[in-house]
Amino acid sequence: MPLESCMILLDNSEFMRNGDYIPSRMEAQSDAANLIVNQKTQSNPESTVGVIAMSSSGPSSGAQLLVSPTDDLGKILTALHGVPLCGEMDVMGKDAVDIAASVQVAALALKHRRNKNGSQRIALFVGSPLQCADRRAFVKAGKQLKKNNVFIDVICMGELEENEPKLRELVDAANGATAAAGEDGAAVERTCHLITIPAGVLPSDVLITSPILSGGGGGGAG
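Here my numbering runs 56 ahead of the position in the sequence shown, where the first position is 1.
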């Protein structure tokens, strides 16, 4: 596969304790993220991966860059498996994770990557309810990614009914005109994808046959 720099955004809010995915949302997410890391690093030895935890303790409580894009597999795996659960579950007028802000941090990390060659991609995991998020913020974030040539793959696991429509806005905006081109039924290769994982299903089992890992086109799974 071609050279790529990828930022993996992990949802580490308290909602990830939920056991609707085996053994928990957090551990199922970690397993799936590990699969993505292995695929990215093995497909091209020069590809790099970075990791962001979308919730952190302390005054900022926002996205935390755990490791910048690197080809050091040890650093990547250490970051993946050392993510603590944190963040408040019930803060008035505020979601447990700020997707738009986290995506912005990831895009900035990609912009400042050492190897400027190859494509840029974000793999975003979401398992916390997005009750307060404004859809316009998702559209704006998606358009900004499109403008900066950053692709995004979103893995939605949990809170599907509430989250999927908003996350689809993000992915469709990041796809831009490409997403709209398929409305007449014509086959369209999409560069960004939304994958929804039904409760009780292992995310890694779904991802292994998805466009995220196969590198192909096709619309996001629903």
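All C-beta atoms in this analysis are idealised placements derived from N, C-alpha and C, irrespective of residue type, glycine included.
Assigned secondary structure, residue i (DSSP; H/G/I helix, E/B strand, else coil)
i, result
"VAL139", "coil"
"LEU122", "strand"
"ASP261", "helix"
"ILE64", "strand"
"ALA152", "coil"
"ALA255", "coil"
"ALA243", "Interpretation of ALA243 is limited by its pLDDT of 46, a score under 50 that renders its predicted location unreliable; no figure is taken from the coordinates."
"LEU129", "helix"
Length of the line joining the Cα atoms of residue i and residue j
i, j, result
"GLN34", "SER260", "There is no way to answer for residue 34, as the model of the chain reaches only from 57 to 278."
"SER158", "ALA119", "5 Å"
"PRO267", "ARG169", "25 Å"
"ARG224", "ARG81", "21 Å"
"GLY232", "LEU133", "33 Å"
"THR265", "LYS96", "15 Å"
"MET213", "LEU263", "12 Å"
"PHE194", "ILE155", "8 Å"
"ALA135", "CYS62", "14 Å"
"ASN94", "ASP128", "12 Å"
"ALA109", "LEU122", "7 Å"
"LYS203", "LYS196", "11 Å"
"GLY138", "LYS131", "11 Å"
Host alpha helix (DSSP H) of residue i (start-end)
i, result
"ARG177", "No alpha helix (DSSP H) contains ARG177, which is instead part of the beta strand (DSSP E) from 175-182."
"GLU217", "216-231"
"LEU164", "155-167"
Cβ-based neighbour list, residue i, same chain, cut-off 6 Å, excluding 5 preceding and 5 following
i, result
"SER184", "ASP67, SER69, PHE71, ALA152 and VAL153"
"SER124", "GLY106 and ALA165"
"VAL210", "LEU180, LEU223, VAL227 and LEU250"
"GLU102", "LEU59"
Any non-hydrogen atom of the ligand SAM closer than 7 Å to residue i Cβ
i, result
"VAL161", "This structure lacks the ligand SAM, and indeed carries no ligand of any kind."
Residue i, enclosing beta strand (DSSP E) - first and last residue
i, result
"PHE292", "Because the chain is modelled from 57 through 278, residue 292 falls outside the range shown and cannot be assessed."
"ILE108", "104-109"
Cutoff 8 Å; reference residue i; Cβ partners in own chain excluding five residues on either side
i, result
"ILE78", "ALA84, GLY256 and LEU258"
"LYS199", "ALA229, ALA230 and GLY232"
"GLU218", "PRO185, LEU186 and GLN187"
Proximal residues to residue i (C-beta, below 7 Å), its chain only, five neighbours per side dropped
i, result
"THR104", "SER61, PRO125, THR126, ASP127, ARG169 and ASN171"
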